[in-house]
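Peer 1:
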Amino acid sequence: MSPDVLHRETFTVHGNDFEHGGNVAAAIKATLRELGIAPDSIRRLSIANFEAEMNVIMYARRAEFLFTITPDLISVVVTDEGPGIPDIEWAMQEGHSTATAEMRERGFGAGLGLPNIRKNSDEFAIESTVGTGTTLRYAVRISPEA
Amino acid sequence: MTDLLELLRCEVLSGREQLDGFEPTGFFAADLMSDVLAFAHPGNVLLTGLTSLQAVHTADVAEIPAIVFVDGKRPTDAVREKAAHRGIPLLATHYDMFEACGRLYEAGHVPRRKP
Chain F
1 MSPDVLHRET
11 FTVHGNDFEH
21 GGNVAAAIKA
31 TLRELGIAPD
41 SIRRLSIANF
51 EAEMNVIMYA
61 RRAEFLFTIT
71 PDLISVVVTD
81 EGPGIPDIEW
91 AMQEGHSTAT
101 AEMRERGFGA
111 GLGLPNIRKN
121 SDEFAIESTV
131 GTGTTLRYAV
141 RISPEA
Chain U
147 MTDLLELLRC
157 EVLSGREQLD
167 GFEPTGFFAA
177 DLMSDVLAFA
187 HPGNVLLTGL
197 TSLQAVHTAD
207 VAEIPAIVFV
217 DGKRPTDAVR
227 EKAAHRGIPL
237 LATHYDMFEA
247 CGRLYEAGHV
257 PRRKP
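Below is the structure:
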């Protein structure tokens with residue numbers, strides 16, 4: 001572990017596991033609270049985490065969430081094994097979704113997940129290979145006054 | 147909070163002790179949890195017809211201090227347990243979403259305007 005890394009943790013999320021959707025966001029939130037991170041940063045990262053978790057549950061087979069805290073940044077890299085996204089530009093637009101009725105019944109799948117993650121992040125990147133999976137990176141800066 | 151309980155004739159399903167002296171920053175109503183995550187303000191009470199676990203997770207990450215289920219809907223015991231664990235009180239009203247929102251609005255609970 002590089003000396004700059006204050007905390008690093010990996011979580012696994014399984015596709016279709018609606019029952020546990022939200023547990024990664026909750027675990028990371030608890031860690032950030034213990035570290036005394038500013039509430040606004042915690043809220044923004046938690047929203048991004050939860051949307052990312054629901055995306056994995058709805059669309060992928062499984063994914064690893066690598067969560068890292070450095071003195072100025074909280075970052076998450078989500079690497080999934082899944083169908084991939086053929087047209088990222090399309091998927092990044094609000095309202096664009098391939099969700100099923102079941103996903104919508106659970107309050108998700110309206111095509112707001114990726115835009116919501118980007119909106120709540122200070123850094124955002126997505127790469128996808130159709131038939132292999134998607135890698136999503138997002139980060140929230142830690143405000144100096146925190 | 148007394149106002150909310152009376153206006154919507156709420157039944158407190160769980161977390162009654164956390165409601166004492168608690169004042170919401172406002173209200174937000176949606177069945178779509180991504181809308182709550184995108185647009186609700188921290189401290190807003192959520193009115194929803196969605197009784198799944200995802201409603202509780204959403205409230206937790208979006209700093210929603212309490213959930214009101216509309217239309218007489220009731221969550222399962224698993225959902226109640228999760229909410230208790232996360233410290234989020236659950237309430238229920240027999241009013242439907244439209245009337246519940248209308249009663250709050252009429253009583254002066256007007257949303258904070260965007261600048």
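First to last, the sequence lines map onto chains F and U.
Heads up: the first sequence begins at 1 in our numbering, then just goes up one per residue.
Heads up: the second sequence begins at 147 in our numbering, then just goes up one per residue.
Glycine included, C-beta positions come from ideal geometry on N, C-alpha and C.
What you are looking at is a predicted structure, and each value in this text was computed from that prediction instead of being measured.
1. Bridge partners for F/Asp-80 per DSSP, in chain order?
2. Say whether chain F places a C-beta atom closer than 9 Å to the C-beta of U/Asp-177.
3. U/Gln-164 touches chain F at which residues, Cβ-Cβ below 8 Å?
4. Under the DSSP definition of a beta bridge, which residues are partnered with F/Tyr-138?
5. Spatial neighbours of U/Gln-164 within its chain, please: CB distance less than 7 Å, with the 5 preceding and 5 following residues excluded, ordered by chain position.
6. So which of F/Asp-17, F/Leu-32, F/Thr-129, F/His-14 has the shortest CA-CA distance to F/Gly-84?
7. What did DSSP end up calling F/Ala-146 once you bin it into helix, strand or coil?
8. At which residue ranges does the segment 169-241 of chain U contain complete alpha helix (DSSP H) runs of 4 or more residues, listed in the order of the chain?
9. With 9 Å set as the bound, which would you pick, yes or no: does the beta-carbon of U/Ser-180 sit closer than that to a beta-carbon of chain F?
10. F/Gly-111 to U/Val-158, Cα distance in whole Å?
11. Of all the options U/Met-179, U/Asn-190, U/Leu-178, which has the alpha carbon lying nearest to the alpha carbon of U/Val-256?
12. What does the Cβ neighbour count give for F/Tyr-138, buried or exposed, with the cut at 16 atoms within 10 Å?
13. Counting only Cβ pairs nearer than 7 Å, list the residues of chain F close to U/Pro-221.
14. For chain U, find out if any of its Cβ atoms is closer than 9 Å to the Cβ of F/Ala-152; answer yes or no.
Peer 2: Checking against the coordinates, here is how it stands:
1. F/Asp-80 pairs with F/Ala-63.
2. At a cut-off of 9 Å between C-beta atoms, U/Asp-177 counts as an interface residue with respect to chain F.
3. The CB of U/Gln-164 never comes closer than 8 Å to any CB in chain F; the least such distance is about 18 Å.
4. F/Val-76, F/Phe-124
5. The answer, listed in chain order, is Gly-233, Pro-235.
6. F/Thr-129
7. Because F/Ala-146 carries a pLDDT of 45, less than 50, the predicted location of this residue cannot be relied on, and no value is offered for it.
8. 179-185, 199-207, 223-232
9. Yes, because at least one Cβ of chain F sits closer than 9 Å to the Cβ of U/Ser-180.
10. 33 Å
11. U/Asn-190
12. buried
13. The contacting residues do not exist; U/Pro-221 stays about 13 Å from chain F at best.
14. In the structure as shown, chain F starts at 1 and stops at 146, and residue 152 of chain F therefore has no counterpart that could be examined.
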